[in-house]
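So, in structure tokens, the structure goes:
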């Protein structure tokens, strides 16, 4: 029994002595940190810079856009001295969205004394959904006017047919073939140009198609033969088609789904109104003036609208604007690096601290987009499948 009590007393003394001894040591030596070797230590995170071992492409691309708070300062003049980056450091790619704040603090070697290149003007690359209401309405009104002119041209060919029959010494059926060829060009061209506008943007497609529309409208007024008239009508149909098929896309660029009712009503009304006004106005012109004046009036209307489109219509395709914004920023970053200002302070993978990085922006839509040929194939075959 005495042996048992002694063993229990020894065990308690050992436990208490270990704890008390640790506290006594801590109290006797303040400022000295002691660790119990029995407690497992967390692994030490490797803090070595990434530039020592260049990461793979998948590691360099950040799936989540950068969300550092933008403090309102000019990123071209706000700098922090860092010596860990140079022109040979690996580039980290980040995905850019319209909501992505840009880094406002940059890295630069202490030896650079000249100011960095100025940041480019990014205002043309604003999200179209955030445009001012007046700017949106103007784009809708201009697009609806272009739709009216395209529909007017489609319906104003038949009234001057009698004059063309007499001048070209052709049959009525042969002359009215111009309507058929106009419709063929009007139908097949959007299958190519609509997918192209998703890649290159709405504005360049509108400009090129508008110039074709106006040029061959004038050619119709000057056509020396029926064969020339039919060819010109086909090309007029090709050029005018985008002002009917792509205006709906512009509206979807500018308005969310619950805001499109009024803009779509204006667009649809312009198409219907133009189709009805074409024969009415063209008949009055053909009755009082030579038949070629029907096409001269169309040329004047078309020229005014196309000129307004070229001067006042802005690019509205969001993914195209975002790609242009990324290209402008990347070009600016290259100019900064050439001047000695290498990198920006960006969050690391943990997001807990910022590290200097050479960055470039990418747009996810550019990587996920189908090829042009596949988009054209979808544009051609989808209506056939839906109608079958």
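Numbering (my numbering), first residue to last: 41 to 428.
Here a beta-carbon is modelled for each residue, glycine too, at the ideal position from N, C-alpha and C.
If you look at residue 401, you'll find it isn't in any alpha helix (DSSP H); it sits in the beta strand (DSSP E) that goes 394-402. Excluding sequence positions up to five before and after residue 359, its CB lies within less than 7 Å of the CB of 403 and 405, all in the same chain and listed in chain order. Checking the DSSP bridge columns, you'll see residue 387 partnered with 394.
In terms of Cα proximity to residue 352, the closest of 243, 397, 415 and 367 is 243. In summary, residue 426 is exposed, with fewer than 16 beta-carbon neighbours lying within 10 Å of its beta-carbon over all protein chains present. Under DSSP, residue 131 shares a beta bridge with 398.
The beta carbon of residue 314 sits closer than 6 Å to the beta carbons of 188, 191 and 192 from its chain, once the five residues preceding and following it are set aside; these are given in chain order. Taking the Cβ atoms as the reference, residue 376 lies roughly 5 Å from residue 156, within the contact range of under 8 Å. If one requires a minimum length of 4 residues, the alpha helix (DSSP H) runs lying completely within the segment 157-244 are 173-195, 201-208, 212-228 and 230-240, in chain order. The C-beta separation of residue 322 from residue 184 comes to about 21 Å, leaving the pair out of contact by the 8 Å criterion. In this structure residue 372 is not in contact with residue 204, their Cβ atoms being roughly 57 Å apart against a cut-off of 8 Å. Taking the CA atoms as reference points, residue 154 sits about 9 Å from residue 380. Restricting attention to 423, 281 and 266, the CA atom closest to the CA of residue 246 is found in 281. Distance between residue 394 and residue 348, taken at the CA atoms: about 48 Å.
When the five nearest sequence neighbours on each side are left out, the beta carbons in the same chain lying within less than 8 Å of the beta carbon of residue 240 are those of 360, in order along the chain. By alpha-carbon distance to residue 291, the top candidate from 277, 136, 307 and 278 is 307.
Close CB contacts of residue 304 within its chain, under the 8 Å cut and outside five residues either way in sequence, are with 288 and 291 (chain order). Distance between residue 385 and residue 300, taken at the CA atoms: about 41 Å.
Per DSSP, reduced to three states, the secondary structure at residue 357 is coil, with no helix or strand assignment. Rounded to the nearest angstrom, the gap between the Cα atoms of residue 199 and residue 356 is 37 Å.
Its chain contains 261 as the residues whose beta carbon lies nearer than 7 Å to that of residue 336, once the 5 sequence neighbours on both sides are disregarded; these appear in chain order.
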